[in-house]
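Worksheet: the structure to be examined is printed underneath.
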Amino acid sequence: MADEGARSTACTGSSLLQPVSEITNLPLDQVNFVVCQLCALVSAFWFRLFLHPSKTSPFIRHVVATLLGLYFAMFCFGWYALHFLVQSGLTYGIMILTGVEHMHKYSLVVALTYLSLCQITRVYVFDYGMYTADFTGPMMVITQKITSLAFEIHDGDNKYLYFVTSTSVGDLTLCVLRRMPSLLEYFSYNCNFMGILAGPTCSYNDYIAFIEGDPRRHRDPEDDRKSSSKLRQSEPSPNVVATSFFCLLVFLSVCKVFPVERNIDDDFIANTPFYAQVVYLYLSMLTTRPKYYFVWTLADAINNAAGFGFNGYDSDGSPRWDLISNLRILNIEFATSFKVFLDNWNIQTAHWLKRVCYERCPYHPTAATFILSAMWHGAYPGYYLTFLTGTVITLAARAVRHNIRPYFLHSSTHKLVYDVITWAATQIAICYTVVPFVLLSVGPSMKFYRSWYFSLHIGCILVAVALPVKPRHLRLKDQQKSTIQEPLQRHPEAADRNCSQREKTT
Numbered sequence: 110m111a112d113e114g115a116r117s118t119a120c121t122g123s124s125l126l127q128p129v130s131e132i133t134n135l136p137l138d139q140v141n142f143v144v145c146q147l148c149a150l151v152s153a154f155w156f157r158l159f160l161h162p163s164k165t166s167p168f169i170r171h172v173v174a175t176l177l178g179l180y181f182a183m184f185c186f187g188w189y190a191l192h193f194l195v196q197s198g199l200t201y202g203i204m205i206l207t208g209v210e211h212m213h214k215y216s217l218v219v220a221l222t223y224l225s226l227c228q229i230t231r232v233y234v235f236d237y238g239m240y241t242a243d244f245t246g247p248m249m250v251i252t253q254k255i256t257s258l259a260f261e262i263h264d265g266d267n268k269y270l271y272f273v274t275s276t277s278v279g280d281l282t283l284c285v286l287r288r289m290p291s292l293l294e295y296f297s298y299n300c301n302f303m304g305i306l307a308g309p310t311c312s313y314n315d316y317i318a319f320i321e322g323d324p325r326r327h328r329d330p331e332d333d334r335k336s337s338s339k340l341r342q343s344e345p346s347p348n349v350v351a352t353s354f355f356c357l358l359v360f361l362s363v364c365k366v367f368p369v370e371r372n373i374d375d376d377f378i379a380n381t382p383f384y385a386q387v388v389y390l391y392l393s394m395l396t397t398r399p400k401y402y403f404v405w406t407l408a409d410a411i412n413n414a415a416g417f418g419f420n421g422y423d424s425d426g427s428p429r430w431d432l433i434s435n436l437r438i439l440n441i442e443f444a445t446s447f448k449v450f451l452d453n454w455n456i457q458t459a460h461w462l463k464r465v466c467y468e469r470c471p472y473h474p475t476a477a478t479f480i481l482s483a484m485w486h487g488a489y490p491g492y493y494l495t496f497l498t499g500t501v502i503t504l505a506a507r508a509v510r511h512n513i514r515p516y517f518l519h520s521s522t523h524k525l526v527y528d529v530i531t532w533a534a535t536q537i538a539i540c541y542t543v544v545p546f547v548l549l550s551v552g553p554s555m556k557f558y559r560s561w562y563f564s565l566h567i568g569c570i571l572v573a574v575a576l577p578v579k580p581r582h583l584r585l586k587d588q589q590k591s592t593i594q595e596p597l598q599r600h601p602e603a604a605d606r607n608c609s610q611r612e613k614t615t
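Counting from 110, one number per residue, gives the positions in the sequence shown under the working numbering.
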């Protein structure tokens with residue numbers, strides 16, 4: 110036990126803050142991370158005020174953002190931070206050598222393979238159980254950026270531009286590139302101080318527009334024209350910082366009250382009624398979320414402080430700071446479907462998975478996306494159990510929504526009943542799904558599922574079989590047909606004229 114306690118405070122980065130770690134009784138790696146993020150927050154305000162694009166060249170902004178990011182990475186992870194440069198440099202060479210046609214595929218394979226090797230080595234050779242600072246966490250975000258950039262360049266060539274039915278033409282245009290970035294731009298995008306420790310990922314176009322001070326980066330050009338005069342007067346809201354520290358306080362105060370491990374305690378399982386086990390499962394998983402809320406809201410605050418999070422104005426003229434926000438807490442806690450929960454949790458990662466996998470996979474895109482997500486998260490078996498379970502539950506939830514929900518939309522009372530029931534079902538399903546994500550190992554995870562008799566697995570499989578939903582590629586064909594037929598139905602005379610002209614031509 111003494112050795113385990115010593116390992117729990119081990120750190121691969123700087124030991125300068127060891128006294129703070131001893132005073133707060135927190136692991137040194139966590140102290141280093143929080144302090145570096147707070148320094149990044151202060152640096153972001155300085156970066157915006159004193160290195161504003163109106164005063165400073167993009168070259169200087171790139172250099173400063175990159176050097177600050179690498180310094181924070183070295184402080185937290187020591188020489189392990191060199192992996193960030195190696196991974197980025199290796200894939201940059203791949204993109205140059207392979208060309209536009211294949212760069213997206215090779216970059217995805219190389220970046221994900223390098224990340225997986227680092228994760229496997231760290232987990233099974235050096236540090237099973239995460240006793241030290243996890244340097245592969247930032248590499249996960251860098252992997253997203255590397256692959257997103259490669260896909261954007263690939264799609265920038267009109268020959269390979271994908272037609273994505275769920276994406277508007279304007280959004281699709283903003284997500285393509287016509288040129289290869291310089292080496293400095295590339296490292297700045299991957300390793301800048303605003304996102305190197307906790308992300309989130311972002312579009313390369315958005316980042317470059319931020320560095321260059323281009324107000325046209327916002328999604329709605331009309332809003333840009335209305336608000337361009339107000340751009341420099343708007344300041345990020347500090348409320349997001351307060352939210353971040355509130356989440357940290359909640360996590361520190363209640364995380365030990367409801368330990369997740371108690372869900373698999375033999376005495377607890379044997380002597381606790383099932384309804385009480387369900388309630389405890391919900392509370393134990395609820396108290397694990399604030400640490401993610403803390404990390405992501407603080408990262409959001411850092412980007413906002415630098416001016417990067419600005420996303421134009423609402424119709425009423427109020428500024429939006431959600432360009433790269435990573436979560437919506439209220440939408441998560443009150444989600445009434447599995448999809449709503451996932452759409453508001455780790456938002457930028459969901460966008461990345463959608464762009465590089467779901468929208469490009471013609472068959473079984475849900476399963477393929479969950480598998481990619483599991484590989485990206487790491488080498489622990491619990492991750493794969495979570496995402497395999499998530500695949501089954503997603504298919505069942507989709508079947509219920511398509512087949513059952515329409516019957517409850519005829520009155521507000523029925524809709525309210527449906528929302529209450531689906532909220533409870535969603536929260537239980539999420540908790541059931543992510544237990545292996547927290548327990549990490551196969552043995553404890555399977556023990557938990559056995560204590561529930563694999564009830565949700567079996568139930569969801571039965572629901573998915575009993576209430577089939579048309580495969581995605583067939584739904585896309587139907588959408589395309591309706592898109593073609595709708596104008597003809599609105600203007601049949603135009604269709605008749607076209608037919609007559611074709612007959613004459615023939």
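The beta carbon of each residue, even a glycine, is placed where N, CA and C say it ideally should be.
For C300, the enclosing alpha helix (DSSP H) has its first and last residue at 292-300. Checking the DSSP bridge columns, you'll see L436 partnered with W454. Beta-bridge partners of P428 (DSSP): Y422. Contact between R231 and A414 does not hold, since their C-beta atoms are separated by about 31 Å, which reaches or exceeds 8 Å. Within the same chain, M204, I205, I262 come within 8 Å of M289 by CB-CB distance, once the 5 residues on both sides are set aside. Sorting T406, C148, L306 by C-alpha distance to the C-alpha of I433 places T406 at the top. W561 sits in coil when the DSSP states are folded into three classes, being neither helix nor strand.
Contact between the segment 416-432 and the segment 386-395 is absent: fewer than 3 CB-CB pairs across the two stretches fall below 8 Å. Between the C-alpha atoms of R507 and V501 there is a straight-line separation of about 10 Å. Going by C-alpha positions, L150 is about 14 Å away from F403. Between N420 and D431 a beta carbon distance of about 5 Å is seen, short of the 8 Å cut, so the two are scored as contacting. Going by beta carbons, L258 and Y313 fall inside the 8 Å limit. Look at the segment 453-484 and you find these whole runs of alpha helix (DSSP H), each 4 residues long or longer: 456-465. Our two residues, K254 and F260, have alpha carbons roughly 10 Å apart in a direct line.
If you check the CB distance, P545 and L494 come in under 8 Å. Membership of W532 in the alpha helix (DSSP H) is indicated by the continuous run 521-548. Pairing Y516 with F563, the inter-Cα distance amounts to about 29 Å. For Y313, the uninterrupted alpha helix (DSSP H) segment begins and ends at 313-321.
Take L462, set aside five residues on each side of it, and the residues of its chain with a beta-carbon closer than 7 Å to its own are T478, L481, S482, in chain order.
Taking C-beta atoms under 8 Å as the contact rule, H161 and S297 fail to qualify, at a distance of about 17 Å.
For the options D138, T121, M212, P167, the alpha carbon positioned closest to that of W188 is the one of T121.
Of the other Cβ atoms in all chains shown, 16 or more fall within 10 Å of the Cβ of T535; this residue is therefore buried. In this structure H486 is buried. Its beta-carbon is surrounded by 16 or more other beta-carbon atoms within 10 angstroms. Across the set C364, A379, S197, P399, the C-alpha of P399 shows the shortest separation from the C-alpha of F355. Using a Cβ distance threshold of 8 Å, C185 and F154 do not count as a contacting pair.
Between Y180 and L292, the C-beta spacing is not below 8 Å. Within the segment 153-224, no complete beta strand (DSSP E) segment of 3 residues or longer occurs.
With the rule of 3 Cβ pairs closer than 8 Å, the segment 551-560 counts as touching the segment 366-378. Here the alpha carbon of H213 sits roughly 20 Å from the alpha carbon of L226. Rounded to the nearest angstrom, the gap between the Cα atoms of L125 and E131 is 12 Å. For the options R429, I441, I378, Y384, the alpha carbon positioned closest to that of Y401 is the one of I441. Rounded to whole angstroms, the separation of the alpha carbons of T445 and N455 is 17 Å.
Nearest Cα to L576 within the set A533, V547, H211, R514: R514. Per DSSP, P399 is one residue of the alpha helix (DSSP H) stretching across 399-414. Taking a contact as a CB-CB distance under 8 Å, the pair F302 and S152 counts as one, their CB atoms being some 6 Å apart.
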